[in-house]
Amino acid sequence: MKNFYLNHDSNMDDFTSLLLMLLVPDIKLIGVGVTDADGYVEPGVSASRKLIDRFNQRGDKLEVAKSDSRAVHQFPEAWRVSAFSVDHFPILNEKGTVETPVAAKPAHLDMIDKIHAADGPVTLVFTGPLTDLARALEIDPSIQDKIEELYWMGGSLNAHGNVYAPCADGTQEWNAWWDPEACKTVWDSKIKIQQVGLESTEELPLTDEMRQHFASNRKYPAFEFLGYVYALVNSFEVDSTYYLWDVLTTMSALYPEIATTRDTKSDVYTDGDRAARFFETENGRPMTLVTSANYDKFWERFDDLCEKAKLF
Numbered sequence: 001m002k003n004f005y006l007n008h009d010s011n012m013d014d015f016t017s018l019l020l021m022l023l024v025p026d027i028k029l030i031g032v033g034v035t036d037a038d039g040y041v042e043p044g045v046s047a048s049r050k051l052i053d054r055f056n057q058r059g060d061k062l063e064v065a066k067s068d069s070r071a072v073h074q075f076p077e078a079w080r081v082s083a084f085s086v087d088h089f090p091i092l093n094e095k096g097t098v099e100t101p102v103a104a105k106p107a108h109l110d111m112i113d114k115i116h117a118a119d120g121p122v123t124l125v126f127t128g129p130l131t132d133l134a135r136a137l138e139i140d141p142s143i144q145d146k147i148e149e150l151y152w153m154g155g156s157l158n159a160h161g162n163v164y165a166p167c168a169d170g171t172q173e174w175n176a177w178w179d180p181e182a183c184k185t186v187w188d189s190k191i192k193i194q195q196v197g198l199e200s201t202e203e204l205p206l207t208d209e210m211r212q213h214f215a216s217n218r219k220y221p222a223f224e225f226l227g228y229v230y231a232l233v234n235s236f237e238v239d240s241t242y243y244l245w246d247v248l249t250t251m252s253a254l255y256p257e258i259a260t261t262r263d264t265k266s267d268v269y270t271d272g273d274r275a276a277r278f279f280e281t282e283n284g285r286p287m288t289l290v291t292s293a294n295y296d297k298f299w300e301r302f303d304d305l306c307e308k309a310k311l312f
């Protein structure tokens, strides 16, 4: 049974990713870290604990670790506040109590402990910035020997970004822009990496048909949760079409057959207006880039998980 550790940053796709990892029958989720990035960390931790209480299908013994990492460039305020709404969803608050504990250590240290305590290799899924992993590597490089692979949603290799801010040249993606140096630290490690960039998810936009699919299946608790989650997403908030970037990252870690990939070599800049820009180069580190998703296989797996979810 594969061991997974999830680090997310409290936006809509992040909570969906946690939900899916709680529903898969044949893995072990050994820990969850929450970073103060695309969503506020306090409600993100709280909502994650409640989500685990509600949907922990396998009964994994879990804690949620609050990150104390801080942004070099913080996400826009309008994107971050949705975590408070998720934390207040009735489906997560019906019991009136929260049982899943907060980890004693901050997320980067919690991850180190969980990796060393695992009974085998650990697969990392990061749907937010890489700062906690970079800090963990700086403190204890030996964890690389127990990390099977990193699946990360971040960056862009086609020079088209989604950061429109002073001192950014338009080539950056937000998870990378949050902390460019952390990207470089991880890219300089020996960890095997699969990257979902901005260009990876064109088959998976958030559409009205998708929202209707969630609404029509509201009799299933997981779909009810998802319906509320994606009702909070408006394209004007992200300045473009909203794609299921984080969800594809998580699903491709769980079900590799849904993703088409190519192997390449890449690196990342950390200086000036180009900081956090990823680029392909023969002198870069070997990595795998997700280039597309199989739409039918993705939704077949996704729906199967959500239809089987039970409340606890």
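Using UniProt numbering, read the sequence shown as starting at 1 and increasing by one per residue.
Even for Gly, the Cβ is constructed at its ideal location relative to N, Cα and C.
Leaving out five residues before and five after Ala276 in sequence, what residues of the same chain have Cβ atoms less than 6 angstroms from its Cβ?
Gln172, Ala176, Trp177 and Pro180
I'd like to know whether the C-beta atoms of Tyr242 and Leu206 end up nearer to each other than 8 angstroms.
yes
Span of the alpha helix (DSSP H) around Glu138:
Thr131 to Ile139
So what's Arg301 in DSSP terms, helix, strand or just coil?
helix
Between the CA atoms of Asp38 and residue 344 - distance to the nearest angstrom:
Outside the shown range of the chain, which is 1 to 312, sits residue 344, and nothing can be said about it.
Specify, as a first and last residue, the run of the alpha helix (DSSP H) that Gly227 falls within.
Pro221 to Ala231
For Glu257, which residues of its own chain have a beta-carbon under 8 angstroms away from its beta-carbon, when the five flanking residues on both sides are left out?
Asn294 and Lys297
Does the separation of the CB atoms of Lys50 and Leu92 fall below 8 angstroms?
yes
Give the secondary structure of Asp267 by DSSP, where H, G and I count as helix, E and B as strand, and everything else as coil.
strand
Which residues in the same chain have their Cβ closer than 6 angstroms to the Cβ of Gly170, if we skip the five residues on either side of it in sequence?
Gly161
Val34 - partner residues in DSSP beta bridges
His8 and Lys66
If contact is defined by three or more beta carbon pairs under 8 angstroms, each pair taking one atom from either stretch, is the stretch 260-271 in contact with the stretch 109-117?
no
On the CB-based measure, 16 or more other CB atoms within 10 Å of its CB, does Cys183 come out buried or exposed?
buried
Reduced DSSP category for Pro278 - H, G, I as helix; E, B as strand; rest coil
Position check: residue 278 holds Phe in this sequence, whereas Pro was assumed. Looking at Phe278 - three-state DSSP - the assignment turns out to be strand.
Best match in Gly120, Leu198 and Ala259 for proximity to Trp245 [C-alpha to C-alpha]:
Leu198
Straight-line gap, Trp299 to Cys306 (C-alpha atoms, nearest Å):
10 angstroms
Exposed or buried, what is Asn7 when buried is set at 16 or more other beta-carbons lying within 10 Å of its beta-carbon?
buried
Residues in its own chain within less than 7 angstroms of Ala134 by CB, not counting five upstream and five downstream?
Ala182, Thr185 and Val186
Close beta carbons around Phe14, own chain, < 8 angstroms, minus the five adjacent residues each side
Note on identity: in this sequence residue 14 is Asp, with Phe being the wrong assignment. Closer than 8 angstroms at Cβ, skipping near neighbours: His8, Asp38, Gly39, Gly44, Thr127, Gly128 and Asp246.
If we require 4 or more residues per run, which alpha helix (DSSP H) segments fall completely within the stretch 71-113?
77-80, 82-87 and 90-93
Sort Pro221, Phe89, Asp68 and Val24 by Cα distance to Asn3 and report the nearest one.
Val24
Nearest-angstrom Cα distance between Ala107 and Gly59?
21 angstroms
Endpoints, alpha helix (DSSP H) assigned at Glu148:
Careful: Glu148 lies outside any alpha helix (DSSP H), inside the beta strand (DSSP E) at Ile147 to Met153.
Residue range of the unbroken alpha helix (DSSP H) whose run includes Val24
Note, Val24: premise wrong, no alpha helix (DSSP H); not H, not E.
Consult DSSP for Lys50 and reduce its assignment to one of helix, strand or coil.
helix
Could you say which of Val233, Val64 and Lys219 lies nearest to Ala78 if we only look at CA atoms?
Val233
Which residue marks the beginning of the beta strand (DSSP E) containing Thr127, and which one marks its end?
Here Thr127 belongs to no beta strand (DSSP E), and DSSP marks it neither H nor E.
Shortest alpha-carbon distance to Ala231 belongs to which of Ser82, Arg54 and Glu42?
Ser82
Endpoints, alpha helix (DSSP H) assigned at Leu254
Trp245 to Leu254
Could you have a look at Pro166 and say whether DSSP puts it in helix, strand or coil?
coil
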